[in-house]
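Heads up, the thing below is written out as structure tokens.
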Amino acid sequence: MTRRAGGSNDAPKVALIVQKFGGTSVGSIERIRAVAERCLRTQREGHKVVVIVSAMSGETNKLLKLAHEVSPVPDAREMDVIAATGEQVSAALLAMCIQAQGGSARSLLGHQVKILTDGAFAKARIKTIEGSKIFSTVDKGQIAVVAGFQGVDDNGDITTLGRGGSDTTAVAVAAAIGASACEIFTDVDGVYTTDPNVCPSARKIPRISYEEMLELASLGAKVLQIRSVEIAMKYGVPVHVRSSFSDAPGTWVTGEDKSLEDVVVAGVAYDKSEARAHVIGVEDKPGVVAELFEELANRNVSVDMIIQNATAGASERADVTFTLPRTDLLRSKPHVEEVAKRLGAAGVRYDEDVAKVSIVGLGMRSHAGVAAKMFRILAKESINIQAISTSEIKVSCLIHEKYTELAVRALHDGFGLEKEPKDATKA
Ligand code: ADP
Ligand code: ASP
Ligand code: MG
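The sequence shown: position 155 = 154 (numbering that gives the first Met the number 0), numbered continuously.
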């Protein structure tokens with residue numbers, strides 16, 4: 000990133016504002032017209048506006064499906080060439096809608112900006128963003144419409160930033176150009192205590208710390224992509240998550256403060272995107288798990304939960320269970336099986352019908368018994384826990400996928416999240 004976000008203290012008189020609109024918000028021509036109106040309104044208020052757009056809703060899935068019709072494991076470079084087109088379409092359509100409403104706008108693709116990334120197709124990380132094209136556009140009074148999700152690597156190849164990556168484009172652009180805020184417009188009016196589409200009693204959180212948002216995002220709350228929260232935290236970009244359907248204030252994602260620490264459990268998240276692999280009966284000796292996970296790391300597969308069952312008795316054999324992204328399962332299988340064979344394992348089994356449910360809260364650092372309470376709530380619903388992982392501010396349980404919604408609602412209400420924070424501190 001070339002410049003740091005200015006923050007509110009040294010914000011210039013004419014604010015530079017980044018507004019990002021997700022798939023549903025640009026899901027039809029009618030919706031894109033409404034986005035154009037909103038951007039023009041912000042500009043009329045005296046601001047310089049940079050808009051980041053996602054592909055129209057459903058479009059990226061359609062594009063990925065087309066590629067998979069050609070090949071079960073499509074070529075990664077070509078896959079990104081296809082996937083990036085969704086954002087190209089919505090950027091041009093939005094620029095045209097702004098022009099049709101009498102405004103001035105210019106679309107910019109990742110390589111035009113230029114958003115330089117590493118070469119990890121489908122999960123590229125942004126290295127630098129040049130501000131010059133964006134500045135020259137907004138300085139001419141035009142709205143800069145930047146295609147989200149896409150970048151370009153050192154070889155000039157098109158890359159994409161992972162699902163939900165337009166959030167990351169938005170926050171990274173905001174950091175690079177020193178925008179005073181990054182507004183994430185979406186189909187819900189903020190960050191909720193859990194997914195409002197799953198739990199009717201979910202409550203909008205007016206303010207949440209970067210740390211909690213980072214955990215919620217990495218545990219499946221797709222309202223913000225993880226990487227976008229990491230960048231916001233690193234560069235101190237204030238992020239406002241809000242509805243593209245109303246003017247209601249949403250949720251500010253900001254730095255931590257004392258009042259946020261009082262909340263033991265701030266939110267519940269779920270993730271159905273992982274699969275479980277069991278490597279059965281490997282030798283119980285030093286170096287075994289190193290060999291297995293090195294193989295996966297070399298293939299760029301991110302492993303999440305890991306359990307190694309201690310050897311019972313004198314068998315000197317252990318089972319290693321781990322979770323990995325479902326999208327990486329197919330390409331990982333041959334490598335897992337090859338290492339398993341090398342390690343003398345009795346076999347490998349896979350499950351795709353698993354889900355991870357998690358609770359997150361800064362207050363967990365100073366309160367005991369939170370995990371036990373979570374296990375009891377799940378037990379009361381007769382939900383079996385297949386694996387557990389914890390960190391300072393979260394507890395995650397792997398369960399059967401069919402119980403996800405039940406578990407989320409039970410945990411949400413079990414921890415009193417439907418009530419204002421004062422009551423929710425009673426873990
Ligand atoms: P966009 O297309 O605007 O990027 P996403 O579908 O990626 O929108 O993210 C918004 C969705 O995130 C919501 O519709 C909601 O179902 C889901 N979501 C999951 N957890 C939460 C949460 N804690 N708060 C708000 N939304 C959440
Ligand atoms: N269009 C991409 C996706 O569906 C990126 C985004 O919407 O943020 O994942
Ligand atoms: Mg999204």
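All C-beta atoms, glycine included, are put in the ideal place defined by N, C-alpha and C.
Since the structure is predicted, the reported quantities are computational estimates derived from the model, not experimental observations.
**Asked** alanine 268 and alanine 220: beta carbons closer than 8 Å?
**Response** Walking along the sequence shown from the start, residue 268 turns up at place 269. Walking along the sequence shown from the start, residue 220 turns up at place 221. Yes. Within cutoff.
**Asked** Taking the alpha helix (DSSP H) that glycine 85 falls in, what are its first and last residues?
**Response** As a working mapping, residue 85 is identified with position 86 in the sequence shown. It spans 84 to 99 - the alpha helix (DSSP H) in which glycine 85 sits, taken as one unbroken run.
**Item:** aspartate 166 Cβ short of 7 Å to ligand 3 heavy atom set
**Value:** Taking the first residue of the sequence shown as 1, we reach residue 166 at position 167. For ligand 3, at least one heavy atom lies less than 7 Å from the Cβ of aspartate 166.
**Message:** If the criterion is Cβ atoms closer than 8 Å, does the pair lysine 393 and glutamate 214 meet it?
**Reply:** Position 394 of the sequence shown, counted from the start, is the residue given in the question as residue 393. Position 215 of the sequence shown, counted from the start, is the residue given in the question as residue 214. It is a contact, given that the beta carbons lie within the stated cut-off.
**Request:** Jot down the residue ranges of each uninterrupted alpha helix (DSSP H) in the segment 304 to 354, minimum 4 residues, whole runs only, in chain order.
**Result:** 325 to 341
**Asked** Any idea which residues DSSP pairs phenylalanine 244 with across the strands?
**Response** To locate residue 244, count along the sequence shown from 1; it is residue 245. None; phenylalanine 244 has no bridge partner.
**Asked** Helix, strand or coil: how does DSSP classify aspartate 412 here?
**Response** Position 413 of the sequence shown, counting from 1, holds the residue named residue 412. Aspartate 412 falls in the helix class under three-state DSSP.
**Request:** With DSSP collapsed to three states, give me the class of serine 27.
**Result:** Translated into positions along the sequence shown, residue 27 becomes position 28. Correct three-state label for serine 27: coil.
**Item:** DSSP three-state assignment for glutamine 42, whether helix, strand or coil
**Value:** Residue numbering aside, residue 42 sits at position 43 when the sequence shown is read from its first letter. Glutamine 42: helix per DSSP, three-state reduction.
**Prompt:** What runs of the beta strand (DSSP E), each 3 residues or longer, lie entirely inside the segment 129 to 211?
**Reply:** 142 to 146, 149 to 151, 157 to 159, 180 to 185, 206 to 208
**Asked** Under the DSSP definition of a beta bridge, which residues are partnered with valine 281?
**Response** Taking the sequence shown and counting its residues from 1, the one referred to as residue 281 is at position 282. Answer is Ala317, bridged to valine 281.
**Item:** Alpha carbon of glutamine 227 to alpha carbon of alanine 171, nearest angstrom
**Value:** For this step, residue 227 is matched to residue 228 along the sequence shown. For this step, residue 171 is matched to residue 172 along the sequence shown. Correcting the residue identity first, residue 227 is serine in this sequence and not glutamine. Looking at the two C-alpha atoms, the distance is approximately 7 Å.
**Request:** Measure from the alpha carbon of arginine 330 to the alpha carbon of each residue in Thr23, Pro71, Ile230, Asn60, then state which is nearest.
**Result:** By 1-based counting over the sequence shown, the position of residue 330 is 331. Measuring from the Cα of arginine 330, the nearest candidate turns out to be Pro71.
**Prompt:** For isoleucine 176 versus glycine 150, is the C-beta distance shorter than 8 Å?
**Reply:** Numbered from its first residue, the sequence shown carries residue 176 at position 177. Numbered from its first residue, the sequence shown carries residue 150 at position 151. Contact: no.
**Asked** Can histidine 61 be considered in contact with ligand 3, in the sense that its beta carbon sits closer than 7 Å to one or more heavy atoms?
**Response** Here residue 61 is taken as the residue at index 62 of the sequence shown, counted from 1. Looking at the sequence provided, one finds lysine at residue 61 rather than histidine. No, ligand 3 has no heavy atom inside 7 Å of this Cβ.
**Message:** Applying the 10 Å Cβ sphere with the 16-neighbour rule, what's the burial state of aspartate 138?
**Reply:** Working through the sequence shown from its first residue, we reach residue 138 at position 139. Its Cβ having fewer than 16 others within 10 Å, aspartate 138 is exposed.
**Request:** Indicate the three-state DSSP secondary structure (helix, strand or coil) for valine 262 in the structure shown.
**Result:** Within the sequence shown, residue 262 is the residue found at index 263, counting from 1. Three-state DSSP puts valine 262 in coil, outside helix and strand.
**Request:** Can you tell me which of the three DSSP states glutamate 419 falls into?
**Result:** Stepping through the sequence shown from its first residue, residue 419 is reached at position 420. Note: glutamate 419 maps to coil in three-state DSSP.
**Message:** With DSSP as the reference, identify every bridge partner of lysine 47, one or two as the case may be.
**Reply:** Position 48 of the sequence shown, counted from the start, is the residue given in the question as residue 47. For lysine 47, which the question treats as bridged, DSSP gives the partners Leu15.
**Request:** For phenylalanine 20, name the three-state secondary structure that DSSP assigns.
**Result:** By one-based count along the sequence shown, residue 20 stands at place 21. In the structure shown, phenylalanine 20 sits in a strand (DSSP, three-state: E or B).
**Asked** Taking C-alpha atoms, which residue in Ile398, Cys396, Ala121, Glu210 lies nearest to glycine 360?
**Response** The sequence position of residue 360 within the sequence shown is 361, counting from 1. The residue with the shortest Cα to Cα distance from glycine 360 is Glu210.
**Asked** CA-CA distance, glutamate 255 and aspartate 261?
**Response** Here residue 255 corresponds to residue number 256 of the sequence shown, with the count starting at 1. Here residue 261 corresponds to residue number 262 of the sequence shown, with the count starting at 1. Their backbone Cα atoms lie some 11 Å apart in a straight line.
**Prompt:** From tyrosine 349 to leucine 328, what does the alpha carbon distance come to, in whole angstroms?
**Reply:** Start at 1 with the first residue of the sequence shown, and residue 349 comes out as number 350. Start at 1 with the first residue of the sequence shown, and residue 328 comes out as number 329. The alpha-carbon atoms of tyrosine 349 and leucine 328 are separated by roughly 9 Å.
**Message:** Please output, in chain order, the residues near ligand 3 using a CB cut-off of less than 5 Å to any non-hydrogen atom of the ligand.
**Reply:** Gly21, Gly163
**Prompt:** Going by beta carbon distance, what residues of the same chain come within less than 7 Å of valine 112, once the five residues before and after it are set aside?
**Reply:** On the sequence shown, position 113 is the one that residue 112 refers to. Closer than 7 Å at the Cβ level, and outside the excluded window around valine 112, lie Ile128, Glu129, Lys132, Ile133, Val145.
**Same chain only: Cβ atoms within 6 Å of alanine 345, ignoring 5 sequence neighbours per side** = Working through the sequence shown from its first residue, we reach residue 345 at position 346. For alanine 345, where only same-chain residues beyond five positions count, the Cβ hits under 6 Å are Ile279, Gly280.
**Any non-hydrogen atom of ligand 2 within 7 Å of glycine 432 CB** = Residue 432 falls outside the range modelled here, since the chain spans only 0 to 426, and no answer is possible.
**Request:** Use the C-beta contact count for alanine 123: other C-beta atoms within 10 angstroms, 16 or more gives buried, fewer gives exposed.
**Result:** Your numbering for residue 123 matches position 124 in the sequence shown. The residue is buried, with at least 16 neighbouring Cβ atoms inside 10 Å.
**Prompt:** Pick from Leu397, Ala339, Ala180, Leu410: whose alpha carbon is nearest that of valine 369?
**Reply:** In the sequence shown, residue 369 corresponds to position 370, counting from 1. When each option's Cα is compared against that of valine 369, the closest is Leu410.
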